[in-house]
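Worksheet: one structure, shown below.
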Amino acid sequence: MDNNQLTPALEDYLEAIFQISKMHKVARSMEIADMMKVKRSSVTIALRSLAEKGLINYQVRSFVTLTDEGMKIARCVNKRHNVLHDLFTKVLGLPQTTASAAACNMEHGMTSEVCRKMTALLSVLKKDTSSAHKLISDIEASAQKINCQNTCGFSNDTDTFGSDDTEVLTLNELQSGESGQIVKIIGVSSLKLRLQEMGFIRGQKVLVVKAAPLDDPIEVEIRSSHVSLRRGEAGMVLVKKL
-7 MDNNQLTPAL EDYLEAIFQI SKMHKVARSM EIADMMKVKR SSVTIALRSL AEKGLINYQV
53 RSFVTLTDEG MKIARCVNKR HNVLHDLFTK VLGLPQTTAS AAACNMEHGM TSEVCRKMTA
113 LLSVLKKDTS SAHKLISDIE ASAQKINCQN TCGFSNDTDT FGSDDTEVLT LNELQSGESG
173 QIVKIIGVSS LKLRLQEMGF IRGQKVLVVK AAPLDDPIEV EIRSSHVSLR RGEAGMVLVK
233 KL
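Numbering follows our numbering, in which position 238 of the sequence shown is assigned residue number 230; successive positions increment by one, without gaps.
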(Lines of atoms letter the chains of each structure in order from A and count residues from 1; the text may use other names and numbers.)
(Lines give C-alpha, C1' and ligand atoms only; values in the text may rest on other atoms or scores of the structure.)
Protein backbone atom coordinates (compact mmCIF):
# COMPACT_ATOMS: atom_id res chain seq x y z
CA MET A 1 0.00 0.00 0.00
CA ASP A 2 1.14 3.54 -0.78
CA ASN A 3 1.25 5.40 2.54
CA ASN A 4 -0.01 8.48 0.70
CA GLN A 5 -3.40 6.75 0.90
CA LEU A 6 -3.30 6.94 4.70
CA THR A 7 -4.51 9.91 6.68
CA PRO A 8 -2.02 11.64 8.99
CA ALA A 9 -3.97 10.27 11.96
CA LEU A 10 -3.63 6.66 10.78
CA GLU A 11 0.08 7.19 10.15
CA ASP A 12 0.36 8.41 13.75
CA TYR A 13 -1.30 5.22 14.96
CA LEU A 14 1.12 3.08 12.96
CA GLU A 15 4.04 5.03 14.38
CA ALA A 16 2.72 4.63 17.93
CA ILE A 17 2.29 0.86 17.46
CA PHE A 18 5.82 0.69 16.02
CA GLN A 19 7.33 2.55 18.98
CA ILE A 20 5.44 0.52 21.58
CA SER A 21 6.31 -2.74 19.82
CA LYS A 22 10.02 -1.88 19.97
CA MET A 23 9.72 -1.84 23.76
CA HIS A 24 7.23 -4.64 24.36
CA LYS A 25 7.17 -6.62 21.06
CA VAL A 26 3.38 -6.15 20.92
CA ALA A 27 1.08 -3.19 21.55
CA ARG A 28 -2.12 -2.92 23.55
CA SER A 29 -5.02 -0.57 22.93
CA MET A 30 -4.56 1.06 26.32
CA GLU A 31 -0.87 1.74 25.63
CA ILE A 32 -1.70 3.27 22.27
CA ALA A 33 -4.37 5.49 23.85
CA ASP A 34 -1.94 6.63 26.55
CA MET A 35 0.84 7.42 24.07
CA MET A 36 -1.44 9.34 21.72
CA LYS A 37 -3.54 10.90 24.49
CA VAL A 38 -6.84 9.83 22.91
CA LYS A 39 -9.88 7.87 24.07
CA ARG A 40 -9.94 4.07 23.85
CA SER A 41 -12.98 4.30 21.57
CA SER A 42 -10.97 6.38 19.08
CA VAL A 43 -8.18 3.81 19.17
CA THR A 44 -10.64 1.00 18.42
CA ILE A 45 -11.97 2.79 15.33
CA ALA A 46 -8.45 3.47 14.04
CA LEU A 47 -7.28 -0.09 14.66
CA ARG A 48 -10.23 -1.52 12.77
CA SER A 49 -9.43 0.72 9.82
CA LEU A 50 -5.75 -0.29 9.83
CA ALA A 51 -6.70 -3.97 10.08
CA GLU A 52 -9.04 -3.63 7.09
CA LYS A 53 -6.15 -2.16 5.09
CA GLY A 54 -3.96 -5.12 6.02
CA LEU A 55 -1.50 -3.05 8.02
CA ILE A 56 -1.98 -4.58 11.47
CA ASN A 57 -3.05 -7.84 13.06
CA TYR A 58 -5.87 -6.95 15.43
CA GLN A 59 -8.75 -8.55 17.26
CA VAL A 60 -10.82 -7.00 20.02
CA ARG A 61 -9.27 -7.53 23.48
CA SER A 62 -6.08 -8.87 21.95
CA PHE A 63 -2.58 -7.67 21.20
CA VAL A 64 -1.81 -5.48 18.19
CA THR A 65 1.07 -6.26 15.85
CA LEU A 66 2.17 -4.78 12.55
CA THR A 67 2.00 -6.76 9.33
CA ASP A 68 5.01 -6.65 7.00
CA GLU A 69 3.39 -3.85 5.00
CA GLY A 70 2.40 -2.01 8.16
CA MET A 71 5.94 -2.30 9.51
CA LYS A 72 7.33 -0.87 6.27
CA ILE A 73 5.10 2.19 6.44
CA ALA A 74 5.58 2.67 10.19
CA ARG A 75 9.36 2.63 9.82
CA CYS A 76 9.11 5.18 7.03
CA VAL A 77 6.96 7.54 9.12
CA ASN A 78 9.23 7.12 12.13
CA LYS A 79 12.31 7.78 9.97
CA ARG A 80 10.80 10.99 8.61
CA HIS A 81 10.00 12.13 12.14
CA ASN A 82 13.54 11.46 13.36
CA VAL A 83 15.14 13.21 10.39
CA LEU A 84 12.99 16.30 10.90
CA HIS A 85 13.61 16.27 14.65
CA ASP A 86 17.38 16.05 14.14
CA LEU A 87 17.29 18.87 11.59
CA PHE A 88 15.26 21.09 13.92
CA THR A 89 17.40 20.46 17.01
CA LYS A 90 20.92 19.98 15.64
CA VAL A 91 20.87 22.48 12.77
CA LEU A 92 18.14 24.99 13.60
CA GLY A 93 18.77 24.86 17.35
CA LEU A 94 15.11 24.48 18.32
CA PRO A 95 14.12 23.17 21.78
CA GLN A 96 13.24 19.47 22.00
CA THR A 97 9.52 20.06 22.62
CA THR A 98 9.22 22.54 19.75
CA ALA A 99 11.12 20.21 17.42
CA SER A 100 8.98 17.20 18.34
CA ALA A 101 5.72 19.06 17.76
CA ALA A 102 6.90 20.48 14.43
CA ALA A 103 8.19 17.08 13.28
CA CYS A 104 4.84 15.46 14.12
CA ASN A 105 3.03 18.02 11.99
CA MET A 106 5.39 17.93 9.02
CA GLU A 107 6.30 14.24 8.76
CA HIS A 108 3.06 13.35 6.99
CA GLY A 109 3.62 15.53 3.93
CA MET A 110 7.28 14.64 3.57
CA THR A 111 8.17 12.69 0.42
CA SER A 112 10.88 10.04 0.19
CA GLU A 113 12.98 12.39 -1.94
CA VAL A 114 12.83 15.15 0.68
CA CYS A 115 13.67 12.65 3.43
CA ARG A 116 16.62 11.33 1.42
CA LYS A 117 18.05 14.82 0.82
CA MET A 118 17.60 15.85 4.47
CA THR A 119 19.30 12.65 5.61
CA ALA A 120 22.20 13.41 3.26
CA LEU A 121 22.45 16.96 4.63
CA LEU A 122 22.63 15.71 8.22
CA SER A 123 25.24 13.13 7.20
CA VAL A 124 27.44 15.77 5.55
CA LEU A 125 27.19 18.12 8.54
CA LYS A 126 28.03 15.29 10.93
CA LYS A 127 31.25 14.59 9.01
CA ASP A 128 32.26 18.25 8.61
CA THR A 129 31.79 19.76 12.07
CA SER A 130 33.54 23.05 11.27
CA SER A 131 31.17 23.73 8.38
CA ALA A 132 28.26 22.60 10.52
CA HIS A 133 29.12 25.10 13.26
CA LYS A 134 29.41 27.92 10.73
CA LEU A 135 26.10 27.00 9.10
CA ILE A 136 24.33 26.82 12.47
CA SER A 137 25.80 30.17 13.46
CA ASP A 138 24.81 31.84 10.18
CA ILE A 139 21.27 30.44 10.33
CA GLU A 140 20.72 31.62 13.89
CA ALA A 141 22.19 35.06 13.22
CA SER A 142 19.97 35.46 10.16
CA ALA A 143 16.90 34.18 12.01
CA GLN A 144 17.38 36.75 14.75
CA LYS A 145 17.06 39.50 12.14
CA ILE A 146 13.71 38.21 10.86
CA ASN A 147 10.56 39.52 12.49
CA CYS A 148 7.58 37.41 11.41
CA GLN A 149 5.21 40.07 12.70
CA ASN A 150 6.59 42.49 10.11
CA THR A 151 7.09 40.09 7.20
CA CYS A 152 3.84 38.14 7.22
CA GLY A 153 1.68 39.86 9.82
CA PHE A 154 1.52 36.84 12.09
CA SER A 155 3.68 35.28 14.74
CA ASN A 156 2.93 32.64 17.36
CA ASP A 157 6.40 32.92 18.89
CA THR A 158 6.09 33.95 22.52
CA ASP A 159 9.80 34.76 22.85
CA THR A 160 9.97 38.46 21.97
CA PHE A 161 13.61 38.93 22.97
CA GLY A 162 15.49 40.07 19.89
CA SER A 163 12.34 40.98 17.95
CA ASP A 164 13.01 44.73 17.80
CA ASP A 165 14.94 46.47 15.06
CA THR A 166 18.39 46.14 16.68
CA GLU A 167 20.69 44.10 14.46
CA VAL A 168 21.86 40.78 15.86
CA LEU A 169 25.47 39.80 15.15
CA THR A 170 27.84 37.06 16.16
CA LEU A 171 30.57 37.98 18.62
CA ASN A 172 33.00 37.45 15.72
CA GLU A 173 31.55 40.46 13.93
CA LEU A 174 32.35 42.96 16.69
CA GLN A 175 35.59 44.91 16.37
CA SER A 176 38.13 45.72 19.09
CA GLY A 177 36.60 48.16 21.57
CA GLU A 178 33.01 47.32 20.62
CA SER A 179 30.58 45.75 23.05
CA GLY A 180 27.34 43.85 22.81
CA GLN A 181 24.61 42.26 24.88
CA ILE A 182 24.29 38.48 24.57
CA VAL A 183 21.07 37.36 22.92
CA LYS A 184 21.63 33.64 22.64
CA ILE A 185 24.21 30.87 22.70
CA ILE A 186 23.83 28.37 19.88
CA GLY A 187 25.58 25.15 18.90
CA VAL A 188 26.03 21.79 20.57
CA SER A 189 25.13 21.34 24.25
CA SER A 190 28.72 20.79 25.42
CA LEU A 191 29.85 24.09 23.89
CA LYS A 192 26.83 25.94 25.30
CA LEU A 193 27.59 24.62 28.78
CA ARG A 194 31.25 25.60 28.55
CA LEU A 195 30.42 29.14 27.47
CA GLN A 196 27.73 29.50 30.13
CA GLU A 197 30.19 28.40 32.80
CA MET A 198 32.49 31.23 31.65
CA GLY A 199 29.66 33.74 32.11
CA PHE A 200 28.26 33.89 28.58
CA ILE A 201 24.57 34.00 29.41
CA ARG A 202 21.63 35.80 27.84
CA GLY A 203 21.49 39.49 28.71
CA GLN A 204 25.14 39.69 29.81
CA LYS A 205 27.31 42.50 28.42
CA VAL A 206 30.54 41.52 26.66
CA LEU A 207 33.37 43.78 25.43
CA VAL A 208 35.80 42.83 22.65
CA VAL A 209 39.25 43.75 23.95
CA LYS A 210 41.30 42.42 21.06
CA ALA A 211 40.09 40.94 17.78
CA ALA A 212 43.03 39.29 16.06
CA PRO A 213 42.90 38.74 12.30
CA LEU A 214 41.96 35.53 10.54
CA ASP A 215 41.60 32.46 12.77
CA ASP A 216 43.46 33.73 15.83
CA PRO A 217 41.56 33.84 19.14
CA ILE A 218 39.73 36.97 20.18
CA GLU A 219 40.01 38.39 23.68
CA VAL A 220 36.87 39.61 25.41
CA GLU A 221 35.95 41.03 28.78
CA ILE A 222 32.91 39.62 30.54
CA ARG A 223 31.99 40.06 34.20
CA SER A 224 35.31 41.90 34.77
CA SER A 225 37.27 38.88 33.54
CA HIS A 226 39.32 38.54 30.35
CA VAL A 227 38.57 35.44 28.28
CA SER A 228 40.11 34.16 25.03
CA LEU A 229 37.77 32.47 22.56
CA ARG A 230 38.44 30.62 19.34
CA ARG A 231 36.68 32.03 16.30
CA GLY A 232 34.40 29.01 16.17
CA GLU A 233 33.34 29.57 19.77
CA ALA A 234 32.78 33.29 19.26
CA GLY A 235 30.58 32.47 16.27
CA MET A 236 28.20 30.63 18.60
CA VAL A 237 27.56 33.77 20.68
CA LEU A 238 24.84 36.03 19.26
CA VAL A 239 24.84 39.63 20.47
CA LYS A 240 23.15 42.97 19.98
CA LYS A 241 25.71 45.69 19.43
CA LEU A 242 25.64 48.36 22.13
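Think of the CB as a built atom: it goes at the ideal place given N, C-alpha and C, for glycine as much as any other residue.
With H, G and I counted as helix, E and B as strand and the rest as coil, what does DSSP make of residue i?
i	result
residue 168	coil
residue 82	helix
residue 210	strand
residue 221	strand
residue 57	strand
residue 30	coil
residue 45	coil
residue 259	Here the chain comprises residues numbered -7 to 234, so residue 259 is not present and cannot be evaluated.
residue 71	helix
residue 174	strand
residue 264	Past the boundaries of the shown model lies residue 264; the chain is included only from -7 to 234, so the question cannot be answered.
If I measure Cβ to Cβ from residue i and keep anything under 8 Å in the same chain, skipping five residues before and after, which residues do I get?
i	result
residue 231	160, 161, 162, 163, 166, 172, 173, 174, 175, 198
residue 6	-2, 42, 47, 48, 58, 62, 65, 66, 69
Ignore the nearest five residues each way along the sequence and tell me which others in residue i's own chain have a CB closer than 7 Å to its CB.
i	result
residue 195	173, 174
residue 18	55, 56, 57
Within 10 angstroms of the Cβ of residue i, are there 16 or more other Cβ atoms? Answer buried if so, exposed if not.
i	result
residue 125	buried
residue 1	exposed
residue 77	buried
residue 222	exposed
residue 24	buried
Quick check: residue i and residue j, are their CB atoms within less than 9 Å of each other?
i	j	result
residue 211	residue 203	yes
residue 75	residue 127	no
residue 26	residue 96	no
residue 48	residue 9	yes
task: Report the residue ranges of all alpha helix (DSSP H) runs contained in full by the segment 91 to 120; include only those spanning at least 4 residues, in chain order.
output: 104 to 119
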